[in-house]
Each structure stands twice: as C-alpha cells, then as structure tokens.
Amino acid sequence: MSAITLHNVVKKYGAVQVVHGVDLDIAEGEFVVLLGPSGCGKTTTLRMVAGLEDVSGGTLSIGGQVVNDVAPKDRGVAMVFQNYALYPHMSVRQNMEFALRPMKLGKAEMDRRIAQTAGILGLDALLERRPAQLSGGQRQRVAMGRAMVRTPKVFLFDEPLSNLDAKLRTQVRWEIGKLHQRLGTTVLYVTHDQVEAMTLADKIVIMRDGHVEQVGTPEEVYAAPKSTFVATFIGSPSMNMIETRATGGRLVADGLSIPVPTRFGDRVKDGQEVTLGIRPIEIQRVAENAPGAMAARVEVTEYLGNEALLDLRVGSHDLMAEVPADQRAAPGETVHVRLNETALHLFDTRSGRSLAQ
Amino acid sequence: MAYIRKRNRRIFLIFLLPAILVLFLTTIYPMIYAGYLSFRSYDLAKLFVPRVFVGWANYREILSSSEFLHSLVVTFKLMAMTLSVQLVLGVGIALLVVQKLPGMPLARTLLMIPMMISPVIVGLVWLFLYFPELGYLNYFLSLAGIDAIPWISSTNWALWAIAIADIWQWTPFVMMGTAAALQSLSPEPYEAAMIDGNSRWDVFTRVTLPQLKPVLVSLMFLRAIDAFKIYDIIFVLTKGGPGDSTEVLSMFIYRQSFTFWRMGVGAAASFVSLVIIVVLITLFFKSLNRDQTA
Ligand SMILES: Nc1ncnc2c1ncn2[C@@H]1O[C@H](COP(=O)(O)OP(=O)(O)OP(=O)(O)O)[C@@H](O)[C@H]1O
Ligand SMILES: [Mg+2]
Numbered sequence: 000m001s002a003i004t005l006h007n008v009v010k011k012y013g014a015v016q017v018v019h020g021v022d023l024d025i026a027e028g029e030f031v032v033l034l035g036p037s038g039c040g041k042t043t044t045l046r047m048v049a050g051l052e053d054v055s056g057g058t059l060s061i062g063g064q065v066v067n068d069v070a071p072k073d074r075g076v077a078m079v080f081q082n083y084a085l086y087p088h089m090s091v092r093q094n095m096e097f098a099l100r101p102m103k104l105g106k107a108e109m110d111r112r113i114a115q116t117a118g119i120l121g122l123d124a125l126l127e128r129r130p131a132q133l134s135g136g137q138r139q140r141v142a143m144g145r146a147m148v149r150t151p152k153v154f155l156f157d158e159p160l161s162n163l164d165a166k167l168r169t170q171v172r173w174e175i176g177k178l179h180q181r182l183g184t185t186v187l188y189v190t191h192d193q194v195e196a197m198t199l200a201d202k203i204v205i206m207r208d209g210h211v212e213q214v215g216t217p218e219e220v221y222a223a224p225k226s227t228f229v230a231t232f233i234g235s236p237s238m239n240m241i242e243t244r245a246t247g248g249r250l251v252a253d254g255l256s257i258p259v260p261t262r263f264g265d266r267v268k269d270g271q272e273v274t275l276g277i278r279p280i281e282i283q284r285v286a287e288n289a290p291g292a293m294a295a296r297v298e299v300t301e302y303l304g305n306e307a308l309l310d311l312r313v314g315s316h317d318l319m320a321e322v323p324a325d326q327r328a329a330p331g332e333t334v335h336v337r338l339n340e341t342a343l344h345l346f347d348t349r350s351g352r353s354l355a356q
Numbered sequence: 000m001a002y003i004r005k006r007n008r009r010i011f012l013i014f015l016l017p018a019i020l021v022l023f024l025t026t027i028y029p030m031i032y033a034g035y036l037s038f039r040s041y042d043l044a045k046l047f048v049p050r051v052f053v054g055w056a057n058y059r060e061i062l063s064s065s066e067f068l069h070s071l072v073v074t075f076k077l078m079a080m081t082l083s084v085q086l087v088l089g090v091g092i093a094l095l096v097v098q099k100l101p102g103m104p105l106a107r108t109l110l111m112i113p114m115m116i117s118p119v120i121v122g123l124v125w126l127f128l129y130f131p132e133l134g135y136l137n138y139f140l141s142l143a144g145i146d147a148i149p150w151i152s153s154t155n156w157a158l159w160a161i162a163i164a165d166i167w168q169w170t171p172f173v174m175m176g177t178a179a180a181l182q183s184l185s186p187e188p189y190e191a192a193m194i195d196g197n198s199r200w201d202v203f204t205r206v207t208l209p210q211l212k213p214v215l216v217s218l219m220f221l222r223a224i225d226a227f228k229i230y231d232i233i234f235v236l237t238k239g240g241p242g243d244s245t246e247v248l249s250m251f252i253y254r255q256s257f258t259f260w261r262m263g264v265g266a267a268a269s270f271v272s273l274v275i276i277v278v279l280i281t282l283f284f285k286s287l288n289r290d291q292t293a
C-alpha cells in the first residue's frame, strides 16, 4: 500500500499558482527526496503534505485516506524543520515531552520513549540543556528526536542540513540514512542539494517551477535524465551541453562532428536541432590519430588529487573533462579527446526533452 | 571615554553643558532642595519664620501617621486593580490584533489613542462619563435597566472609577508591548505544535506565555512605577475623596504640601516614596538577573 499519494495536487496563493498538478506515489518505508532549485515549490509541497498549507486542488492521501481536509495532527506525520523549530525556553527533554503530550502516554512510557530516542541519537548527556546551549548539529538531532519520539507513520524533512557546515552535513546525512534503515519509516525529504538526494533517496522527485520534471531512482535520474534540466541538475561537475544540428546522420557543431549513435534510431530527424550532453567523466584523452579524436585547447586545469578537471575549448564550445590526475595538461596545451559514444545523451533543443527511449 | 584626547575634552564638556544644566535645574536641584526641606520645619503660611532644622521629625511623623499608611495601602490597592486588569486585557487584545484578520492594523492604531491623551484630559472625559445624573455611563446602564451607580461620589465605587479610567488609558500600552513581543516569536515552533497536536491552551500556557514573560515583567514594572505616581486622573476625578477613599500617595503629598502648606512633611513623604520606588526597581532587576541565570 502506498504511504502517500499526490494526485494532480495544485497550490495557489491568491491568483498565483506555485504548484502545478503534482503526481507522486510514495510506497511504505520509502525514502523520497524532493529535489529542485530554489523557489520550485518543494517546501510548499511538503507543507501541504504536513497540513500546514491548504491544498488548492487535486487529492492528497496518506495511508490510503484522503487528507485534504484533515487537520495536521490527525495525519500521523512528524516534521523536522529547516531551522529546527525547537521550543527555546524548554530543555531537550521538555521539548520531547511537549511533543508527546497530546498522546497522553503516562509518565513511564514517556520516559521510556525519550530515553530510547536519546539513546539512538546520542542525546543522553544533553537532555537537560536548552537549545541555546547546543551546537547546530546537536539541535538538529534534537529536532529529529522530537519527531521520532512520536513514532509517526511519515517523517517530513525540510532541508534539515542546510544550517550545518560541510563536514557536519556529511556526518548527519549519513546518520539520517542509517536511521532510516533502522526505523524503516516513510520519509519525504526536501533539499536543493543533489548530493543529499543521490545518497539518501530511494526515489528522487526533481521539481522545476512547480512541476515534477522527473521521478526515478538516483541511478535512473543520473543515467537517463529525461530533460536537459535534469541532466544539468544531477551530477557534479554538471553535464556538458553542446547545441548541434543533425546533418546527414551526424551531429554537427563548430569544430565537432559526431555520428548519431544507432540506439537513437530514427528519432533524430535530418535538420533537427539537437542538444548533445556528455558528462565530464565520459570525455577521455586519446592519441591524435585515434578514431573520433578531436583537438581541444586546455584553458584551465583544476587538480583535485585523484583526478583533474580540464576546461577545454573545442571549436567555439567549452567542455569540461574529468581525467585521471596523471593525464592532466597545462593551460595553453592542445590535447586530443574523444566523447564516449555509449554515454552520449541527446535532447531535442526546442523542447529540452530526451531523445532516448 | 579613554578615546577622547585631553585637548578635546574641554570641547566635549562645552557641548554637554546645556544638557547638564537643564538636568541640574529641573531634576537634581529640586531633589536636593526637597531633601534639604525634608529635614526642616517649613510652613508656607509662615513665610518669614526661619526654616529650622528638625532632624528626622518629619519622617517620624509620616511613618507613624495613619493617613500616610492609609495612602500607601490605597496606592497599592489601586496598583493591584489596574495592573492585573491591564495585564489580562492587554495580553488578550494583543493576541487578537496580531491575527491576520482584516481591520486589525487599523484596530491596533485606534486602540493606541487613549495612551496619547494627556491624563488630565482622560480624567475630564471620564468625569463626564461618570457624572451622576448627566453622565453617559449611567444613561447606558439605565437603558439596560440597571440602577445608576454613584461612580465618584461613593467610597465603594470611587477607587474603581479611577481604576477604570487608568485601565482605559494604559491597557493599550501593555497591548502594544505584548503584540510586538508576539510578533517577534518565531512561527515554526507553533507549526511543530500544530503537527504534534498540542492543544491551543497548552500552546498558549507552555509556549507563548513563558516566552512572553520577560516582556510582560518589564511592562508590568513600568506600569507599576507609573501607578505609584498616579496623580492627574485622581486630581480631576475625586481629589482623593470621597473621604480618603482614593487618597493615594501623591495626593497625600499634595495635600500636605499645598493644602496644609507643610512643605517639610510633603518633602519627607516624597523621599519615602522615592525609596519605595528604588526598592521596587532593585527587586525587579534582581529577579530579572535570576531569570537569566536560571
Ligand atoms: N505565502 C506565499 N504567498 C505567495 N507566494 C508564495 C508563498 N509562499 C511561497 N510562495 C512562492 O511559491 C514558490 C515556491 O516556494 P517554496 O517555498 O515552495 O520554494 P522551495 O522550492 O522550497 O525553495 P527553497 O529551496 O528556496 O526553499 C516561490 O516562488 C514562492 O515565492
Ligand atoms: Mg524551501
């Protein structure tokens, strides 16, 4: 049974529509990440699921029951806010107690739950402290603890890591992943950080301007992006995009001519404007006389330890290549590279949609 | 002030001088003079009798006088009446006006008007309202079939009449401070409570009130100091009467000084009230500090 279902869900603020008919199906125990650039409607969608915003159109179901008009407290969800939303005047323990209060559990059960949650999150020593006496990472864990003690059916996270520094972010991200494996609760998680999405998600929902652009596993959205938007949004450094024109079975651009891979069959029409996408890692250095070799001028070299990033100029196009560090070249040098034909992505330039099947 | 070089220090003093002078003439000198008078026998009716030094006699007289103690009791009674109602009403109205409802910003502005009116005018306005036969208040009560209330002519009602006028004037002050504090509270904890299902009452008593406490304590403290000095409204409405039912401390001081012309006694009473206020302030800051370290 699906834990959460959104069917053609719309959100309007007055005359302004900010979420345009989102369809989404989240299975029980699934970790789903809403990913997209700032302002695309991730938070709004999450808040509709939480019940903090009214749904302007469509249906929203949780656990098979339509909850459009169900109060937040009756939806069985718990939310972890971006800025933690802890009660500033209460200790960590009191924060959790207050969250449990509506459940009327009795002192013993309440203490048992708090102790258990504190144990899992490593909060035992912090229970009597107030939020102001905690570090950002600790506050973050308290916020998760306050959601966990209630043992909700669904966890909602809104950019829970955005206030942490880079190192802590990696650590807490890892902890959230571990926690999900352990608890197996359904999670809907909002972020604009693709690394968070790729590492945590069972399923990624990529949003853009209030639309769902693509839904898929991390592997799917990385390997088979359905649009130029997804292709450039997922992966770091991002995918190279070259605008070409299909001419006599080849994709032609200034300084570049590549045969259309056969797997695209007859979907590439002669004369069509085609955007060619290639990830930096799929550009290899080759010998000058190797088949498919193209001359490229090195503009900038970035040494990263194991590998190096080369800013290349091919004809009038800039390409980024990621090569083993020992293959790097000095700026100004001319090198020869080949695009890995099996890793080419083709998009219709007008619509931005993928030409793959 | 280490950063001001010696050469500049004189210029610095010259600029400050006018302010210091005004402060001295209007505040410090009268205070010192009152302190001086409080140890003298000074009768305005006997202008040419020397003002002899009488030691603590004025203070002894005041502290053993039942009239003075009575005026203290009335002052604190009035303070308790006005502050408690202003606190409850002020917080209640503040909770209302911060709601995102149509008309609330306008309501908020209108509600602030009483605060801007001079207390003497407030006294006069309420005098018209309280007037036994011609007053509006009793007229409206009669419409509701309620007998006329001798607002300012009965010892049972006079203190309430004053309290009501003061509450009318100063509840907006509490409302304004509370509303500002309410709006500075971050909304997310409230959303968390909404999702967790905490009742409105729990949220108000356990989330809102504790966070408002420092502001409410400060507002009440300011109101307490004002209430301690209340004068204008009473002077216009009852002049301390009927009998001595509304004779607060400041009325007592006024009567000693300008009705009985006993300036020495009046000055001593002023000093006693100053001491009480200073004690109040000290206790207040002590309790604030305790709150912050807790
Ligand atoms: N109360 C509101 N009234 C009008 N428009 C709003 C309101 N709240 C959000 N919006 C608009 O809705 C759109 C989506 O906002 P939302 O907060 O969901 O974005 P987001 O994807 O969470 O972005 P971010 O990554 O910056 O948090 C934005 O264009 C925003 O301006
Ligand atoms: Mg957001």
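Quick mapping for you: the protein sequence lines, in order, are chains A and B.
According to numbering that gives the first Met the number 0, the first sequence is numbered sequentially starting from 0.
According to numbering that gives the first Met the number 0, the second sequence is numbered sequentially starting from 0.
Cβ atoms here follow ideal geometry from the backbone N, Cα and C, with glycine treated the same way.
Ordered along the chain, residues surrounding ligand 1 are A:Tyr12, A:Val17, A:Ser37, A:Gly38, A:Cys39, A:Gly40, A:Lys41, A:Thr42, A:Thr43 and A:His191 [Cβ under 5 angstroms from any heavy atom]. Apart from the 5 residues on each side of it in sequence, Gly134 (chain B) sits with its Cβ closer than 7 angstroms to the Cβ of Phe127 and Leu128 in its chain, given in chain order.
Only exposed fits Ser286 (chain B), as fewer than 16 other CB atoms lie within 10 angstroms of its CB. Counting every other CB atom within 10 Å of its CB across the protein chains shown gives Gln213 (chain A) a total of 16 or more, marking it as buried. Contact fails between the segment 158-166 of chain A and the segment 209-220 of chain B, because fewer than three Cβ pairs, one in each stretch, are under 8 angstroms apart. In summary, Ala329 (chain A) is exposed, with fewer than 16 beta-carbon neighbours lying within 10 Å of its beta-carbon over all protein chains present. If you check the CB distance, Leu343 (chain A) and Pro224 (chain A) do not come in under 7 angstroms. Taking one beta carbon from each stretch, the segment 52-69 of chain A and the segment 219-234 of chain A have fewer than 3 pairs nearer than 8 angstroms; the two do not touch. DSSP places Leu23 (chain A) inside the beta strand (DSSP E), whose first and last residues are Val15 to Ala26.
Between Ser55 (chain A) and Val9 (chain A), the gap from beta carbon to beta carbon is short of 7 angstroms. DSSP places Gln283 (chain A) inside the beta strand (DSSP E), whose first and last residues are Ile282 to Arg284.
Nearest to Ile194 (chain B) by C-alpha distance, out of A:Glu174, A:Thr44, A:Ala70 and A:Thr216, is A:Ala70.
Counted as a single uninterrupted DSSP element, the alpha helix (DSSP H) harbouring Ala230 (chain A) occupies residues Thr227 to Phe232. DSSP, reduced to helix, strand and coil, places Leu187 (chain A) within a strand of the structure shown. Under the Cβ criterion of 7 angstroms, Met193 (chain B) is counted among the residues facing chain A.
Bridge pairing for Ala77 (chain A): A:Phe154 [DSSP]. Within 10 angstroms of the beta-carbon of Ser37 (chain A) lie fewer than 16 other beta-carbons, which makes it exposed.
Taking C-beta separations shorter than 8 angstroms and ignoring five residues to either side along the sequence, the partners of Ser141 (chain B) in its chain run Ala147, following chain order.
Residue-level contact by beta carbon fails for Tyr188 (chain A) and chain B, as no gap is shorter than 7 angstroms.
If you ignore the 5 residues before and after Gly135 (chain A), its C-beta comes within less than 6 angstroms of the C-beta of Asn162 and Leu163, all in its own chain and listed in chain order. In the structure shown, the three-state DSSP call for Leu85 (chain A) is coil. When Cβ pairs closer than 8 angstroms are counted between the two stretches, the segment 12-23 of chain B is seen not to touch the segment 234-244 of chain B, the count staying below three. In the structure shown, Met238 (chain A) falls within a coil segment according to DSSP collapsed to helix, strand and coil. A Cβ-Cβ contact shorter than 7 angstroms links Leu120 (chain A) with Arg140 (chain A). Between the alpha carbons of Pro29 (chain B) and Tyr253 (chain B) lies a distance of about 16 angstroms. At a Cβ-Cβ threshold of 7 angstroms, Gly89 (chain B) and Thr177 (chain B) count as neighbours.
In this structure, Val17 (chain A) lies near Thr43 (chain A), with their beta-carbon atoms less than 7 angstroms apart.
Short of 6 angstroms from the beta carbon of Glu281 (chain A), and not among the five residues preceding or following it, lie these beta carbons of its own chain, in chain order: Asn339 and Ala342. Identification of residues in the segment 60-79 of chain A having a C-beta nearer than 7 angstroms to some C-beta of chain B yields Pro71, Lys72, Val76, Ala77 and Met78, given in sequence order.
Counting C-beta pairs with one atom in each stretch, the segment 180-193 of chain A and the segment 26-33 of chain A have three or more that are closer than 8 angstroms, which means they touch.
Rounded to whole angstroms, the gap between the alpha carbons of Tyr138 (chain B) and Ala180 (chain B) is 39 angstroms. By the neighbour-count criterion, in which 16 or more other beta carbons inside 10 Å mark a residue as buried, Pro171 (chain B) falls on the buried side.
Within the same chain, Tyr86 come within 8 angstroms of Gln93 (chain A) by CB-CB distance, once the 5 residues on both sides are set aside.
For Lys202 (chain A), the beta-bridge partners assigned by DSSP are A:Val31.
Where Ile3 (chain A) is concerned, the enclosing beta strand (DSSP E) starts and stops at Ser1 to Tyr12.
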